[in-house]
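The sequence shown begins at 0 in numbering that gives the first Met the number 0 and counts up one residue at a time. Glycine included, every Cβ here is placed at the ideal spot set by N, Cα and C. Step one of this worksheet: look at the structure below.
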Amino acid sequence: MTKIRKAYKVRLKTNDESDTKLVCILGCSRFLWNKSLAMNLERLEKGQNLLWYQEQAWWLKLWKSSEEYCFLKECPSQVLQQKLMDLERAFKDCFDRNQPLKRLPVFKKKGRSDGIRFPQGFRVEGRRMFLPKIGWLGFYHSRAIEGRVKNITITQKAGRWYASIQVELEIEIGRHPSESQIGIDAGIKCFAAFSDGTLVEGPGSFRRHEDFLAREQRKLSRKQKGSENWKKQKRKISSLHHRIADVRMDFLHKLSTEVCKNQARVYVERLNIRGMSASAKGTEETPGRNVRAKSGLNKSILDQGWFEFRRLLDYKLDWMGGRLEQVDARHTSQRCSKCGHTEKGNRKSQAEFVCLSCGIEQHADVNAAMNILTVGLTGMACGSNRNSGRKQEPAGNRDEVLPMAS
Ligand SMILES: [Zn+2]
């Protein structure tokens, strides 16, 4: 059995009362962070030793019993302690020689990404959760929460409250039930193309959301920067971004689960991460990536989705006993999947592939996916996503699955 950690991200159903309580707790923990941080920064400046968790906790106790800071009692103690631990971690990371980033912790501002973590005292039952000093809160979620809940982190974004429920699960990784293998290519006209001929469109409501977003962004550009109307429009756009992200994540989860159930091995093109962000033009060997810009769907949204999709495929396949393999996919968009003839002219248009040698006609993306499968089957795969050195960075606010650290 392998222990894994997984986090469910859910939106909370709050009312005025619970809103007020949450805002209060968020405020208290932000206050504590800032106060303890200020204290430590001052000590640093004076050349004194930093106060670590134990000392800070002692100060916390003192503040709580003082008249000035007694409002801290409104906040569950454990939430405050978690904040102090976070601060200690931030300082330790800052002075850790092995960490690439050496930045001092910063003050937290109201409304900036900030969370409160409940390490215990909570309960999760069906689609509701109990939080100390707050009470029961319902939440929106389509799937059941599985596993032992380890902690719950509450955040506020664009006026909505979210909870990230981290659970620990034990799973058995056996043999994949199927022996099927498939090649998948990032489509140009669509989200993805499979070597079996399937073309996957993006989420249905995507285009509509995108049009809407573009319209709202135009409206923003006409407003005076910094004005009340501008701020209002800005909030509207931010919540629209969240909705699009939700729709995308839901789509990616469903699609990746479906693929992982049916395929033991999935081949995808090895991506050049640096190249993708640096050059929109593409190179002679890997043309076509830039073509997406013209396809109508927002390139960055598609590419982001594609990264996420691969990441989901990678770990879901792992759990199922399958495997994601990356292949060197040069010329896959120009090579005929039937006869192997490789020529630029084979590709008549974005969607059309007509081999100049054998004359076969097929969808250009499917042709590329078939080539990827062929490269994979002939043993030219270059390892899984995970071994490519790419760090599995958390997706942040979406359902997130990580292998256990310890
Ligand atoms: Zn051909």
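For residue j and residue i, the rounded distance between their alpha carbons
| i | j | result |
| --- | --- | --- |
| Lys315 | Arg127 | 27 Å |
| Thr282 | Arg329 | Residue placement at Thr282 is poorly supported in this model, since its pLDDT is 39, which falls under 50; the coordinates are not used for a value here. |
| Glu369 | Gly186 | According to the sequence displayed, residue 369 carries Met and not Glu. Those two C-alpha atoms are separated by around 12 Å. |
| Asn261 | Ile371 | 18 Å |
| Lys12 | Gly201 | 29 Å |
| Arg116 | Ile153 | 6 Å |
| Asp92 | Val267 | 35 Å |
| Asp317 | Ala143 | 21 Å |
| Leu311 | His252 | 7 Å |
| Ile243 | Ser179 | 33 Å |
| Lys72 | Leu25 | 13 Å |
| Glu87 | Trp51 | 6 Å |
| Glu67 | Leu79 | 17 Å |
| Thr19 | Lys108 | 18 Å |
Bridge partner(s) assigned by DSSP for residue i
| i | result |
| --- | --- |
| Val199 | Ala191 |
| Thr152 | Arg116 and Ser163 |
| Gly182 | Tyr266 |
| Thr1 | Ile170 |
| Met128 | Val123 and Leu136 |
| Arg214 | Partner(s): none; Arg214 has no beta bridge. |
| Val353 | Glu360 |
| Arg147 | Glu167 |
| Arg334 | Thr341 |
Buried or exposed (CB count within 10 angstroms, at least 16 for buried), residue i
| i | result |
| --- | --- |
| Tyr139 | exposed |
| Trp135 | exposed |
| Leu103 | exposed |
| Cys354 | buried |
| Pro176 | exposed |
| Phe193 | buried |
| Ile172 | exposed |
| Ala191 | buried |
| Ser278 | Because the pLDDT at Ser278 is just 38, under 50, the model does not fix this residue reliably, and the value given afterwards should be weighed accordingly. By the neighbour-count rule (16 or more Cβ atoms within 10 Å), Ser278 is not buried but exposed. |
| Ile272 | For Ile272, the pLDDT reaches just 44, beneath the cut-off of 50, and the residue's location in the model is therefore unreliable, although a value from the coordinates is still provided. Per the 10 Å Cβ criterion, exposed. |
| Arg217 | exposed |
| Gly358 | exposed |
| Cys69 | exposed |
| Lys82 | buried |
is_contact[residue i, chain B] using C-beta, thresh 7 Å
| i | result |
| --- | --- |
| Cys74 | In the structure shown, chain B does not exist; there is a single protein chain. |
Simplified DSSP assignment, three categories, for residue i
| i | result |
| --- | --- |
| Arg322 | strand |
| Gly344 | helix |
| Lys233 | helix |
| Tyr314 | helix |
| Ser261 | First, the residue type needs correcting, since residue 261 is Asn and not Ser in the sequence shown. Asn261: helix per DSSP, three-state reduction. |
| Leu136 | strand |
| Gln53 | helix |
| Glu16 | helix |
| Val105 | coil |
| Gln361 | strand |
| Leu11 | strand |
Residues with a Cβ closer than 5 Å to any heavy atom of ligand 1, in chain order? Those satisfying the condition are, in chain order, Cys335, Lys337, Cys338, His340, Cys354, Ser356 and Cys357.
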